[in-house]
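In the working numbering, the protein residues as written are 731 to 931.
Using N, Cα and C, we set each Cβ at its ideal position, and we do this for glycine too.
None of the values given here were measured: they were computed from a predicted structure.
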């Protein structure tokens, strides 16, 4: 009985040690996370109604594997990609960019942005596309955002496509420089897209 009791005690004592060894996977998280600050936003308290304004659905864009992560990629050469040390988005860039597009289209194009579920009862335009690049270019020392937009008018089957790109200089290839410059480049692209969408009929 004494042997069994000692064995149980040792087993229970070992469990926290084993769990502690299993908790730490991968690298330590960075001290802070990056996000995008929208330069064009809907006014607080402003009401919108799809009965007297055009509506649109903004889809989360597709992304290549290199940016299907919360890390910030950097193009080192034409054929090599690395990631910026200690630079990490609060959520995947595709979702950050889709939210930025929705806010910017609402503010600049005066359109009602609906969710896919809401659009079933309200014929809406559809903005989809692919976020081709959302990172740094080390050779040019620039933050680069490239978005291939695909716009389908309300009730139509034809699709109009257009590429949008913005480049903003960075002082260094590091986390502090990456966040601000990419936010600025993303806003430039979102504003271009909103102005393009506003001019479509």
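| Query | Result |
| --- | --- |
| Rounded to whole angstroms, what's the CA-CA distance from residue 927 to residue 915? Just pull it up for me. | 18 Å |
| Based on Cα-Cα distance, which residue from 764, 770 and 760 lies nearest to residue 840? | 770 |
| Comparing alpha-carbon positions, which option in 783, 875 and 904 lies nearest residue 836? | 783 |
| In whole angstroms, what is the alpha-carbon distance linking residue 886 and residue 845? | 18 Å |
| Going by beta carbon distance, what residues of the same chain come within less than 8 Å of residue 742, once the five residues before and after it are set aside? | Because residue 742 sits at a pLDDT of 45, beneath the cut-off of 50, its placement in the model cannot be relied upon, and the following sentence gives the value as read from the coordinates. Excluding sequence neighbours, residue 742 sits near nothing in its chain. |
| Between residue 913 and the rest of its own chain, which residues show a CB-CB distance below 7 Å, the 5 nearest in sequence each way excluded? | 766 and 767 |
| Do you know whose CA, among 892, 869 and 868, lies nearest residue 876's CA? | 892 |
| Would you tell me roughly how many angstroms separate the C-alpha atoms of residue 804 and residue 842, rounded to the nearest one? | 35 Å |
| So for residue 907, helix, strand or coil by DSSP? | helix |
| Going by DSSP in three states, residue 923 sits in which element: helix, strand or coil? | helix |
| With 16 other CB atoms within 10 Å as the buried threshold, where does residue 921 fall? | buried |
| If you run the structure through DSSP and keep just helix, strand and coil, what is residue 917? | helix |
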